[in-house]
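Encoded as structure tokens, the structure appears first; notes follow it.
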Amino acid sequence: MEEYKDFLEREYGASVQRMILNNDRRVIIDLSKISYHLPNKKLLLLHQFREEEALLRLALKKVVESCDHEYANLHEEFFVGFDGCFGSHHVTPRTLKNFYLNKLVNVEGIVSRCDVVRSKLVKSVSIHPTTCQIKIVH
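The numbers in our numbering rise by one with no breaks, and the one at position 124 of the sequence shown is 125.
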């Protein structure tokens, strides 16, 4: 988290100040800057997004606290958005696959049709806790 905190203070100090002045809670981060200053973190952001994004948000909260403690206490959470080069993680709605689950992607395009996926229950087996009767539903 310290790497992200130092990065945000150095590269996005003015953006954080602007966010506070505009009473916003989100800062847009350029992936190219992360790639330049923290090369090991860009791949982690793309492939282990949940963990890294949580660290980045926590670092942003610390930076906001150091800039304006009252504003940091006013809002419980601060958020980050991403811009820049996503590489192979820049997809269209048609090329969006399950491979990208839990990964950072940039989806660009127009969705003209969307289907609801309904899971089909093949067989349900339940056991009553007191009578130990088994109920099977097909």
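Even glycine gets a Cβ: it sits at the ideal position worked out from N, Cα and C.
Do residue j and residue i come within 8 Å of each other at the CB atom, strictly closer than that value?
i: His48; j: Lys98; result: no
i: Phe83; j: Lys62; result: no
i: Val92; j: Val112; result: no
i: Glu54; j: Val28; result: no
i: Ser33; j: Cys86; result: yes
i: Met2; j: Leu44; result: no
i: Phe8; j: Leu39; result: yes
i: Ile35; j: Tyr13; result: no
i: Tyr101; j: His90; result: yes
Which partner residues does residue i have in the DSSP bridge list?
i: Arg27; result: Phe80
i: Val65; result: DSSP, once it has assigned bridges, lists no residue as partnering Val65.
i: Asn107; result: His91
i: Val126; result: Ile137
With 16 as the cutoff for other CB atoms within 10 Å, does residue i come out buried or exposed?
i: Tyr5; result: buried
i: Met20; result: buried
i: Val65; result: buried
i: Phe50; result: buried
i: Leu46; result: buried
Hey, could you find the ends of the beta strand (DSSP E) residue i is sitting in?
i: Ile111; result: Counting along the chain, Ile111 falls outside any beta strand (DSSP E), and DSSP gives it neither H nor E.
i: Ser89; result: From DSSP, Ser89 is part of no beta strand (DSSP E); its letter is neither H nor E.
What is the residue span of the alpha helix (DSSP H) that residue i lies within?
i: Val17; result: Glu3 to Leu22
i: Leu42; result: The sequence given here has Lys at residue 42, not Leu. Its alpha helix (DSSP H) spans residues Pro40 to His48.
i: Leu75; result: His70 to Leu75
task: Spell out a yes or no on whether the segment 58-77 and the segment 124-133 are touching, meaning 3 or more CB-CB pairs, one atom from each, closer than 8 Å.
output: No, because fewer than three Cβ pairs between the segment 58-77 and the segment 124-133 fall closer than 8 Å, the two stretches do not touch.
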